[in-house]
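Undergrad: In the working numbering, the protein residues as written are 47 to 160. Just so you know, even glycine gets a beta-carbon here, dropped at the ideal spot from N, CA and C. Here the structure is a predicted model, which is why all the values come from computation and not from measurement. Here's a structure for you.
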Ligand code: FES
């Protein structure tokens with residue numbers, strides 16, 4: 047089973063698990079505080095579940111690519127939408143600041159808060 051390391055927690059998930067659901071299941075703060083209450087619940091339209099990922103995950107799908115092509119996201123930033131990503135191996139996840147997690151400052155790293 048793949049291992050996810052995020053916000054100081056390390057836990058296992060099923061191969062192919064949805065990254066958003068896995069993070070929420072383990073109480074990882076996937077969303078910024080306000081986005082925690084205002085998000086699309088994983089259908090790939092709000093863009094607030096953006097994270098950077100080290101490790102093996104699914105290819106970028108059209109929802110992920112399309113949403114991250116729109117401001118305030120930068121299409122070439124190394125981010126993924128957790129709700130549109132399947133876990134295919136051991137991964138490490140980093141979250142950035144901003145309502146959409148789109149800024150350059152790190153909110154939390156795999157090892158925990160900065
Ligand atoms: S939860 Fe809205 S795009 Fe992922």
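Please state if the CB of residue 119 and the CB of residue 88 are separated by a distance shorter than 8 angstroms.
TA: Translated into the one-based positions of the chain shown, residue 88 becomes position 42. Translated into the one-based positions of the chain shown, residue 119 becomes position 73. Not a contact, by the Cβ cut-off of 8 angstroms.
Undergrad: Can you check which of these residues, 133, 122, 74, is closest to residue 101 by C-alpha distance?
TA: As a first step, residue 101 is located in the chain shown; it is residue number 55 there, counting from the start. Comparing Cα positions, the closest option is 133.
Undergrad: Taking the alpha carbon of residue 53 as the point to measure from, which residue in 151, 72, 91, 82 has its own alpha carbon closest?
TA: Stepping through the chain shown from its first residue, residue 53 is reached at position 7. Among 151, 72, 91, 82, the Cα nearest to that of residue 53 belongs to 72.
Undergrad: Among 121, 98, 97, which has the Cα closest to the Cα of residue 108?
TA: On the chain shown, position 62 is the one that residue 108 refers to. The residue with the shortest Cα to Cα distance from residue 108 is 121.
Undergrad: So is the beta-carbon of residue 138 under 7 angstroms away from any non-hydrogen atom of the ligand FES?
TA: Counted from its first residue, the chain shown places residue 138 at position 92. The answer is no for residue 138.
Undergrad: What residue range does the alpha helix (DSSP H) around residue 113 cover?
TA: Position 67 of the chain shown, counted from the first residue, corresponds to residue 113. Unbroken alpha helix (DSSP H) run through residue 113: 108-114.
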